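Chemist:
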Amino acid sequence: MNLQVEEVVEEGDPMVDILTPEGPSRVTLPVVKTIQSNAKTVWQTPASIPPTAKGAERKYFVPTKGFSQLKGLNLSHNMLGELPILLCEISTLTELNISCNGLHHLPSQIGNLFNLQTLCLDGNFLTSLPEELGNLQQLCSLGLSFNNFSEVPVVCEKLTALDKLAMAGNQLETLNLGMLNRMSHIRYVDLRLNHLWRLSVDSLEGNKSVTHMDLRDNQLTDLDLSFLGSLEQLHCERNQLRELTLSGFSLRALYANTNCLMTVNVYPVPSLLTCLEISRNQLLCIPDWACEAKKLEVLDMSYNLLTELPSRTLSSLSLRKLMVGHNHVQSLPSLLEHIPLEVLDLQHNLITKLPEMFFFKALNLRYLNASANSLESLPSVCPGEESLSMLQLLYLTNNNLTDQCIPDLVGHPNLRVLHLANNQLQTFPASKLSKLEQLEELNLSGNKLKTIPTTIANCKQLHTLIAHSNEISIFPEILHLPCIQFVDLSCNELTEIVIPEVLPATLQELDLTGNTNLVLEHKTLDIFSHIATLKIDAKPSLTADSVLSSALWNHGLAEMAGQRNKLCVSALALGSFADSVEAVYGMFDGDRNEELPRLLQCTMADVLLEEVQQSNIDSVFMSNTFLVSHRKLGMAGQKLGSSAVLCYIRHDATDLAGSFTLTLANVGTCQAILCRSGKPLPLSKVFSLEQYPEEARRVKEQKAIITEAGKKLGIVERKVYSSVGLQFCIASYQAILAKYDSHSYAKLAQFRDFLPPDKQQDFQSLIDEGMLVTKVALQAAVNTADTISQIAGLCDGAPP
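For the sequence shown, the positions run 1 to 800 when full-length UniProt numbering is used.
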């Protein structure tokens with residue numbers, strides 16, 4: 001008796017290798033057509049790709065026992081609809097993956113696979129499991145995530161080899177935690193992305209088996225897990241928690257960001273706790289038990305209501321990373337002893353000065369962000385001694401610092417990144433700058449500097465200089481630096497530029513816009529033509545029409561480094577587009593990739609112009625602009641993602657009064673905000689699971705699997721399903737790319753009479769939600785009054 005396998009194959013067909021006389025040990029079949037035995041169909045699935053598109057058909061004949069050694073079988077994403085019963089006769093199977101196949105039930109014969117150790121059922125439509133599944137006593141891994149279960153299957157109590165309950169993305173609304181006592185074999189519980197609003201306990205008996213619990217993205221308002229005496233790690237981010245109570249006996253890590261917490265109780269004091277993250281809540285103070293945790297290394301309490309820092313917290317001998325930005329802290333306690341702190345985030349508080357001996361006592365400090373405070377001076381490092389400072393990243397944007405602080409910076413010879421934007425600096429002494437030889441990134445924007453010292457030539461490692469919105473009249477000597485990549489000298493008073501015959505090969509971008517008196521010779525322009533991105537003001541002929549049109553749209557621009565200390569964010573700003581009275585503005589964030597934003601910056605305006613000529617319907621030309629731009633990204637766009645926002649200010653040729661229409665589209669985390677009469681008005685949505693419940697619901701309905709790391713299908717970040725660059729897999733296409741008539745890929749919005757003649761009260765701000773928090777970004781947009789100056793300082797230096 002022979003087993004006939006008929007398969008649509010292509011070059012490099014895996015079946016060639018697996019169909020051997022002794023039989024395969026592991027098979028992965030992306031698209032199976034038919035497998036027949038004695039004229040009986042074992043299973044048949046619709047081929048998603050026609051045979052002609054994949055090559056010629058081949059036939060294989062193997063012995064009856066050709067699968068007698070088969071251990072692993074992967075049939076995921078094959079649209080099976082139901083599990084073939086004869087598949088349950090392959091008793092040698094130890095691993096079976098039938099995820100994402102549209103299964104609504106499992107046959108009872110699944111209980112015949114006695115040797116099965118791993119069964120992956122994720123991404124189906126299951127509501128129950130057969131009782132026979134309890135026969136699989138060797139089953140140690142069972143994936144039930146992203147199905148339609150409304151309760152934990154009772155059969156899981158019989159699977160004593162199972163140590164993880166993986167039920168993320170189901171329909172659970174309530175959960176009796178007492179059942180965990182009947183499942184003493186379970187150590188890990190994953191109930192992310194359900195609809196849980198209540199957890200109950202039917203007995204006072206403690207549980208000593210559960211060590212890890214994940215309750216992220218539910219609807220819980222109160223959570224008491226004090227009966228879990230062995231709990232080591234809890235994730236409960238993005239609920240609606242007001243109160244949280246835990247046992248501290250074994251607790252090592254607590255993540256409770258983005259809730260409404262006013263009280264967090266842990267008893268006894270967690271002596272093993274190393275990580276505590278409770279940012280974006282409503283806490284008035286750091287809990288006492290947290291101050292007493294002797295092994296705490298990471299504490300994140302940013303975006304709360306703190307007014308002070310306890311001395312014992314800052315003086316902790318274990319704390320390595322302290323995040324208390326975006327609170328109401330007015331001062332820091334004095335340090336009496338040396339501390340091991342390496343990362344300190346104090347941004348957006350009310351601090352007027354740092355403790356006098358701060359840098360001397362915190363010699364291990366590598367990163368300090370004190371932006372958006374009220375600092376007027378900086379403490380010295382170590383008077384009278386050679387500096388031992390290890391500080392490498394220093395962010396002091398948006399303070400009240402004057403020239404008097406510059407000498408104190410010299411005490412940090414290891415500085416690589418220095419941000420002093422939006423302060424009161426008038427000079428930067430040449431002798432001081434020459435000593436900062438390790439500088440790689442320097443931001444001096446928004447001050448009153450008239451020159452950049454020539455000693456900047458000593459900063460051989462410098463790759464980024466941002467000094468826009470000053471009064472600089474002489475071009476700094478930076479084009480001889482061997483590593484220089486990005487230079488922003490826009491909105492200054494430059495009149496001419498002296499440049500070398502050959503520019504450094506590393507120079508990628510030079511921004512000279514907003515220097516109204518700058519005249520560039522043809523020779524200079526020829527040399528600059530080799531720069532990948534050159535931004536200069538156009539010099540139109542002075543006709544009556546051009547004078548009128550040139551005054552229509554003014555803009556400022558700031559580009560941030562994004563997720564890492566390199567430029568992963570690009571912006572598009574064309575104040576004269578199409579018929580010269582129109583404008584296009586955009587922002588593109590590649591997250592951790594710098595290539596895609598640059599490509600979109602260079603191509604998207606041209607694509608829009610072509611699409612507008614093809615159709616005057618806003619939903620058509622804007623949607624096509626995004627899709628065509630994605631296609632032009634090629635493989636880079638398919639493998640990686642990019643957020644984008646595009647705003648097109650269009651002149652209505654049929655309106656003699658000269659009104660304008662703003663059509664905008666955005667995907668991912670980039671957002672557009674209109675400031676009108678001092679009030680922020682968001683013009684677009686942020687497409688993330690946290691801020692867009694409709695999108696989260698659609699993703700779950702499409703059975704897209706979101707991993708514990710927050711990635712869809714293990715590839716795409718949780719915010720990127722609405723991104724320009726998408727992972728176009730056949731099996732996940734509908735889950736990632738939404739239909740236009742529901743939760744559309746390019747969300748569209750129109751605003752008539754966008755900017756009236758009195759432009760002093762209305763202006764538009766493009767922000768990247770991936771780097772900014774909405775409340776802060778909106779307020780920053782309101783506070784930015786001069787639209788010609790660059791919009792800087794909204795976000796400064798994400799901590800390592």
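Heads up, the beta-carbon is just placed ideally off N, CA and C, and yes, glycines get one too. Every value quoted in this text rests on a predicted model; they were computed, and no experiment measured them.
(1) Quick check on the DSSP output: the beta strand (DSSP E) that includes residue 569 runs from which residue to which?
(2) Nearest to residue 102 by CA position, among 88, 109, 95 and 76, is which residue?
(3) Here's a check: name, in chain order, each residue in its chain whose Cβ is nearer than 6 Å to the Cβ of residue 818, leaving out the five neighbours to either side.
(4) Spatial neighbours of residue 257 within its chain, please: C-beta separation below 8 Å, excluding the five flanking residues on both sides.
(5) Given a cut-off of 9 Å on the beta-carbon distance, is the pair residue 823 and residue 95 in contact?
(6) So, under 8 Å CB-CB, residue 431 and residue 412 are touching, yes? Tell me the CB distance rounded to an integer number of Å.
(7) Do residue 478 and residue 505 have their C-beta atoms within less than 9 Å of each other?
(8) Taking all protein chains shown into account, decide if residue 271 is buried (16 or more other Cβ within 10 angstroms of its Cβ) or exposed.
(9) In the DSSP assignment, the alpha helix (DSSP H) including residue 622 goes from what residue to what residue?
(10) Any idea which residues DSSP pairs residue 242 with across the strands?
(11) Helix, strand or coil for residue 650 per DSSP?
(12) Taking residue 404 as the reference, which of 420, 471 and 105 has the closest Cα?
(13) Could you give the DSSP three-state label for residue 673: helix, strand or coil?
(14) For residue 482, name the three-state secondary structure that DSSP assigns.
(15) Indicate whether residue 177 and residue 225 have their beta-carbon atoms separated by less than 9 Å.
(16) Please report the distance separating the alpha-carbon of residue 114 from that of residue 646.
(17) Using a Cβ-Cβ cutoff of less than 8 Å, which residues in the same chain neighbour residue 240 once the five nearest sequence positions on both sides are dropped?
(18) With which residues is residue 441 paired in a DSSP beta bridge?
(19) Report back the beta-carbon spacing between residue 494 and residue 472 to the nearest angstrom; my notes put them in contact at under 8 Å.
(20) With DSSP run on the structure shown, which of helix, strand or coil describes residue 285?
(21) Quick one: using the 10 Å Cβ neighbour count with 16 as the cut-off for buried, is residue 551 buried or exposed?
(22) What residues match up with residue 216 in a beta bridge as DSSP calls it?
(23) Going along the chain, which residues of its own chain have a beta-carbon closer than 6 Å to the beta-carbon of residue 533, five neighbours each way excluded?
(24) By the three-class DSSP mapping on this structure, what secondary structure does residue 198 have?
(25) Report the three-state DSSP secondary structure of residue 140 (helix, strand or coil).
(26) Out of 335, 99 and 172, state which residue places its alpha-carbon closest to the alpha-carbon of residue 357.
(27) Find out if the Cβ-Cβ distance for the pair residue 377, residue 360 is shorter than 9 Å.
(28) For a quick check, are the C-beta atoms of residue 297 and residue 321 less than 9 Å apart?
(29) If we count the other Cβ atoms within 10 Å of its Cβ and call it buried at 16 or more, is residue 488 buried or exposed?
(30) Who does residue 178 pair with in a DSSP beta bridge?
(31) Please report the residue range of the alpha helix (DSSP H) in which residue 430 lies.
(32) Taking 7 Å as the limit between beta carbons, can you name the residues of its chain near residue 391, skipping five residues before and five after?
(33) Out of 93, 80 and 78, which has the shortest C-alpha to C-alpha gap to residue 72?
(34) Tell me which same chain residues have a C-beta within less than 6 Å of the C-beta of residue 373, skipping the five on either side of it?
(35) To which residues of the same chain is residue 326 closer than 6 Å at the C-beta, ignoring the five residues directly before and after it?
(36) Can you list, in chain order, the residues of its chain with a C-beta nearer than 6 Å to that of residue 174? Leave out the 5 residues immediately preceding and following it.
Modeler: Walking through what the data contain:
(1) 569-577
(2) 76
(3) The requested residue 818 is not part of the displayed model; the chain covers only 1 to 800.
(4) 237, 238, 277, 278, 279, 280, 281 and 300
(5) Nothing can be reported for residue 823, as the shown portion of the chain is limited to 1 through 800.
(6) About 16 Å; that fails the 8 Å criterion.
(7) no
(8) exposed
(9) 618-632
(10) Answer by DSSP bridge pairing: none, since residue 242 is not bridged.
(11) strand
(12) 420
(13) strand
(14) coil
(15) yes
(16) 56 Å
(17) 219, 220, 221, 259 and 260
(18) 417 and 464
(19) 7 Å
(20) coil
(21) Here the model assigns residue 551 a pLDDT of 47, short of 50, so the residue's position is not dependable, and the following value carries that caveat. By the 10 Å Cβ count, residue 551 comes out exposed.
(22) Looking at the DSSP assignment, residue 216 forms no beta bridge with any residue, so it has no partner.
(23) 509
(24) strand
(25) coil
(26) 335
(27) no
(28) yes
(29) buried
(30) Bridge partners of residue 178: none, in fact.
(31) 430-433
(32) 365, 366, 368, 412, 414 and 415
(33) 93
(34) 349, 351 and 399
(35) 302, 303 and 348
(36) 198
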